[in-house]
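Position one of the first sequence corresponds to residue 33 (the numbering used here), numbered consecutively onward.
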Amino acid sequence: MPYSVDIDRKWQKKWADTGLYKFDPNKEGEKLYCLEMFSYPSGANLHLGHWYNYSLTDSWSRMKRMQGYNVFHPMGFDAFGLPAENYAIKTGIHPQDSTFKNIETMEKQLREMGATFDWDYELATCTPEYYKWNQWLFIQLYNKGLAYRKNAPVNWCDKCKTVLANEQVIDGKCERCDSEVVKKNMTQWFFKITDYAQELLDCLPDLDWPEKTKKIQTNWIGRSEGSQVAFTVEKDGEILKDENGEPLKLEVFTTRADTFMGVTYVVVAPESELCSKLTTDECKAQVDDYKLFTSKASDIDRMSTTREKTGVFTGSYAIHPLNGRKVPIWTSDYVIAAYGTGVVMAVPAHDERDFEFATKFGLDIIRVVASKEGAEDELPYCEKKGVLVNSDEFNGIEMHAAIDAIVNKLATMGMGHKTVNYRLRDWLISRQRYWGTPIPMIHCEKCGVVPVPEKDLPVLLPYDVEFTPDGESPLAKCDSFMNCKCPKCGGDAKRDPDTMDTFVDSSWYEFRYPDNKNNDAIFDKEKIKKLLPVDKYVGGPEHAAMHLLYARFICKAMRDMGLIDFDEPFKSLVHQGIILGPDGNRMSKSRGNTVAPDEYVAKHGSDVFRTYLAFGFAYTEGGPWNDDGIQAILKFTRRVEKLAEDVASIKDSDISKIEMGKDEKELNYVLNYTIKSATFDIDRFQFNTSVARMMELINAINKYQQLANAKPQLVRYAAEKLILLLSPFAPHMTEEIWCETFGNEYSIFNQKWPSFDESALVKDEIEIAVQINGKVMFKVDIPADADQAAVEAQVKADERLEKALAGRSIVKFIYVKGRLANIVAK
RNA sequence: GCGGGCGUGGCGGAAUGGCAGACGCGGCAGACUCAAAAUCUGUUGACCAUAAAUCGUGCGGGUUCAAGUCCCGCCGCCCGCACCA
């Protein structure tokens with residue numbers, strides 16, 4: 033029966049009926065956990081990106097199965113999230129209803145892809161069975177001090193009256209109403225990922241991840257070595273005191289402690305709490321105006337580098353600990369509250385931003401570093417080399433040495449020390465949204481914040497909720513949800529009305545798959561020990577800084593809770609590229625350049641589509657879709673089927689007894705070369721070249737077939753190997769050929785992956801190029817094992833050499849074994 | 001602005017410093033056919049009537065017996081971060 037979508041259905045049914053892909057943890061073979069990033073269940077059918085990710089990773093895992101690994105390959109759904117909620121606001125269809133319906137559709141489609149997923153291990157994050165453990169994990173983090181509440185500036189859309197997730201802010205605008213997003217201070221839950229900043233950095237080098245992704249994480253974490261130095265503050269003519277009655281230390285982070293003697297003012301971020309504390313009554317009005325001004329400034333404005341500096345004086349002064357100088361404290365939005373201490377010491381002579389600010393507001397500029405003693409470099413002089421000037425006792429000290437000298441001096445006064453600062457911020461996980469995991473915390477007037485006892489988990493997400501956004505969490509309006517008893521004192525209390533960021537759901541799901549039905553624990557430690565970490569993780573590069581960082585953090589936190597005993601969740605990571613529309617642009621409905629897999633699959637079958645995806649692109653690059661490529665694969669599959677029919681009647685594939693002549697050796701060489709390189713290429717996710725090698729193999733077989741004295745056993749033998757090699761890409765078609773055309777035993781996927789014979793790859797004679805000064809002049813056949821002397825002798829004896837030399841004489845003879853010979857001639 | 005990646009025929013794309021363009025699409029020519037489609041065979045970087053020669057991996061330099069590959073400087077595109085103190 034020629035290959036079609038009917039063949040797909042036939043074998044999909046048989047595979048399911050016979051449980052071919054059921055995972056047995058006790059089966060022989062080294063365990064291999066192969067995981068694709070699970071997907072969001074959208075209403076539409078699987079798109080090209082899903083196919084590209086899932087079908088080819090499936091091909092990889094199929095080869096691994098055949099190589100004898102005990103492959104665990106689960107699939108599930110990242111089912112909480114905003115799209116379903118927004119869809120509900122628009123249509124009135126409840127997120128739960130639309131989500132479960134979408135999951136059903138996607139499951140069906142994923143089955144039709146013909147992947148090896150074991151659906152017994154499926155999970156969906158929106159089920160209470162899953163999010164119960166999300167809540168449990170939250171409480172463990174809380175108990176460990178890794179989940180805490182604080183007041184922080186968040187993205188706020190004033191038109192939608194709601195907080196927005198970072199990913200909902202597109203170029204500083206709300207994705208839904210397109211109005212500008214501003215910062216607003218709100219009390220939110222955070223996960224203390226910053227506790228792990230250094231370890232997240234330290235473990236990166238040993239991961240088998242794309243270097244680019246590691247770089248993105250490195251930058252995101254943003255380690256910066258510097259010093260923390262402190263000033264005292266004079267407000268209204270008096271030294272400002274802290275809550276203990278000690279003089280308040282205004283601490284700043286700097287990488288340039290060498291310029292400390294050049295500080296002429298200090299800047300505090302307007303959002304910082306310190307700002308209010310430092311502002312004098314006299315200046316309060318202008319500072320408040322300025323705060324309002326910056327809170328209104330959109331991210332777009334603030335991000336602009338051409339934007340002119342703004343700011344106002346707070347009325348207070350910082351007192352320089354080394355020279356006693358009194359410098360004004362300003363507030364300006366060029367200082368970011370969340371980075372460092374939210375306060376900057378300004379050295380306009382040696383910092384461009386400070387220079388611009390000081391120039392605009394007429395603040396002092398004092399040179400303290402010169403490229404060499406006495407030099408009058410143009411200011412600002414920002415080079416990190418030179419010696420100190422105008423710095424009293426530090427004059428003449430080389431800039432790097434001066435950092436140590438100054439910090440040491442400050443340290444003796446308790447006013448400074450070396451430190452490391454990270455750009456990474458704690459992970460804000462509260463969301464004022466409905467369709468997510470309720471935060472399992474209770475607010476009691478008497479007892480404060482109290483975690484929900486484990487026996488009361490899960491805190492169920494109520495179904496009947498008014499979720500139109502109006503600035504309040506939808507759950508806050510649901511009395512039956514909100515009102516509860518305090519677990520500690522039994523008095524009336526309120527639940528936390530927020531839900532968790534859906535990145536929390538996906539930050540540990542890889543741990544739940546192997547034990548997805550466990551009602552008593554998040555997972556069984558022994559099961560996890562057997563299967564994790566994930567050996568191969570495949571998904572888009574867009575998750576480099578978010579999901580992949582969060583998942584690493586949660587893994588480390590789990591380890592420190594004693595749940596697991598390894599450091600990293602994903603040993604090896606691959607990113608698939610992006611398939612663009614035929615016009616070379618990103619596919620989008622508005623552009624009208626989308627390609628729907630369904631049409632192709634219905635017409636040609638899953639295998640043709642899968643094999644095209646393998647062949648038509650460099651996997652990690654992606655690229656524009658091209659319909660013509662499908663035709664190439666159709667042709668190839670027809671040739672494969674034709675070959676299979678040709679050899680169907682040949683029952684003998686024993687090649688050990690046939691005489692291996694030149695042609696046989698040649699075909700055998702191609703066969704073994706194909707096995708070797710296709711295996712290697714599939715292993716490293718370079719599917720296009722592995723399919724190319726198979727095309728070469730069928731070319732060679734067809735050529736050999738046409739010989740009058742072709743040995744049928746060899747043809748059959750080579751054809752069987754080809755079918756095995758192709759099976760990961762075209763599972764249905766090759767199963768059909770294997771069982772029906774060849775009459776072999778079910779299933780091809782219980783067969784061993786072909787191995788190659790190294791001796792077949794050793795040729796007696798090879799052709800090499802002879803170059804003169806790097807240019808190919810002619811070619812010679814030489815014995816493959818010839819050494820340089822032998823090759824040199826043979827080439828020198830060649831009659832073509834004299835003409836090629838054209839009167840020049842040989843200076844040097846280089847033979848690169850098996851490659852070429854190069855003659856240096858003058 | 002900083003950091004990273006990429007740039008190869010008409011197209012998708014191959015090339016551990018070692019014969020650039022594997023494999024395929026498309027084109028051209030031929031076979032089969034009344035014809036077309038399909039299939040098969042050959043051919044296909046540019047220049048050139050042909051061969052030879054020459055030129056060819058964004059541009060300009062360099063290292064090397066040998067550079068798409070390594071180094072330096074540009075240009076273009078993409079991605080990440082972005083007043084990070």
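The beta-carbon is built from N, C-alpha and C at its ideal position, and this holds for glycine as well.
Check: Alpha carbon to alpha carbon, how far is K656 from V195?; Outcome: The sequence shown places Pro at residue 656, not Lys. Roughly 37 angstroms separates the two Cα atoms.
Check: Is the separation between the beta-carbon of V802 and that of V812 shorter than 8 angstroms?; Outcome: yes
Check: Compare the Cα-Cα distances from Q220 to each of N183, Y413 and I271 and report the closest residue.; Outcome: N183
Check: Out of curiosity, what's the CA-to-CA distance linking D424 and N355?; Outcome: 9 angstroms
Check: Please say whether P470 and V491 have beta carbons closer to each other than 8 angstroms?; Outcome: yes
Check: Considering I121, what are the terminal residues of the alpha helix (DSSP H) in which it resides?; Outcome: L114 to T123
Check: Under DSSP, the beta strand (DSSP E) around T451 begins and ends at which residues?; Outcome: G448 to Y454
Check: Contact between the region 549-560 and the region 594-609: three or more CB pairs below 8 angstroms?; Outcome: yes
Check: Could you give the DSSP three-state label for Q260: helix, strand or coil?; Outcome: strand
Check: I need the boundaries of the beta strand (DSSP E) containing D524, first residue and last residue.; Outcome: D524 to R527
Check: Note down the Cα distance separating P360 from V536, rounded to an integer number of angstroms.; Outcome: 44 angstroms
Check: Please go through the same chain and pick out, in chain order, the residues whose beta-carbon is closer than 8 angstroms to the beta-carbon of M431, but skip the five residues on each side of it.; Outcome: D290, V401, K416, K417, G418, V419 and L420
Check: Going by alpha carbons, who is nearest to N166 out of P472, L306, T311 and G51?; Outcome: P472
Check: By DSSP, does T219 sit in helix, in strand, or in coil?; Outcome: strand
Check: By the 10 Å Cβ neighbour count, where 16 or more other Cβ atoms means buried, how is N134 classified, buried or exposed?; Outcome: buried
Check: Give me whichever residues DSSP pairs with V186 in a beta bridge.; Outcome: K216
Check: Could you check where the alpha helix (DSSP H) with G81 kicks off and where it finishes?; Outcome: L80 to M98
Check: Please report the straight-line C-alpha distance between E477 and N422, rounded to a whole angstrom.; Outcome: 58 angstroms
Check: Just checking, does the region 456-471 make contact with the region 506-516 on the three C-beta pairs under 8 angstroms criterion?; Outcome: yes
Check: When burial is assigned at 16 or more other CB atoms within 10 Å of the CB, is F325 buried or exposed?; Outcome: exposed
Check: Quick one: grab the DSSP three-state call for Q718.; Outcome: coil
Check: Measure how close the beta-carbons of T630 and N77 come, nearest whole angstrom, since I'm counting them as under 8 angstroms.; Outcome: Note on identity: in this sequence residue 630 is Asp, with Thr being the wrong assignment. Their Cβ separation, rounded to whole angstroms, is 5 angstroms, which keeps D630 and N77 in contact under 8 angstroms.
Check: Spell out the partners DSSP gives S462 in its beta bridges.; Outcome: M532
Check: So G61 and G100 are supposed to be a Cβ contact under 8 angstroms. How far apart are they, rounded?; Outcome: 5 angstroms
Check: Should L306 be counted as a contact of the ligand COA given a C-beta to heavy atom distance under 7 angstroms?; Outcome: Within the structure as shown, the ligand COA is missing, as the structure has no ligands at all.
Check: What is the C-beta distance between G294 and H382, in whole angstroms, given that I count them as a contact (C-beta under 8 angstroms)?; Outcome: 6 angstroms
Check: Please state if the CB of V186 and the CB of K328 are separated by a distance shorter than 8 angstroms.; Outcome: no
Check: Across the region 576-585 and the region 221-230, are there enough close Cβ pairs to call them in contact, namely three or more that are closer than 8 angstroms?; Outcome: yes
Check: Return the CA-CA distance between V265 and G522, expressed in angstroms with no decimal places.; Outcome: 47 angstroms
Check: Kindly indicate which three-state DSSP category N854 falls into: helix, strand or coil?; Outcome: strand
Check: Looking only at its chain, what residues have a beta carbon closer than 7 angstroms to the beta carbon of L489, apart from the 5 residues adjacent to it on each side?; Outcome: K164, Q167, W168 and P472
Check: Would you mind giving the Cβ-Cβ distance between A786 and M95, rounded to the nearest angstrom? I have them listed as a contact below 8 angstroms.; Outcome: Here residue 786 is Pro; the residue named in the question, Ala, does not match the sequence. With 8 angstroms as the limit, P786 and M95 do not qualify as a contact, their Cβ atoms being about 10 angstroms apart.
Check: For a quick check, are the C-beta atoms of E824 and F845 less than 8 angstroms apart?; Outcome: yes
Check: State the Cα-Cα distance for the pair M23 and V284, rounded to the nearest angstrom.; Outcome: Residue numbering for the chain in the displayed model covers 33 to 858; residue 23 lies beyond these limits and cannot be assessed.
Check: CB-CB under 6 angstroms to I733, same chain, minus the five flanking residues each way: which ones, in chain order?; Outcome: A750
Check: DSSP state of M445, grouped into three classes?; Outcome: coil
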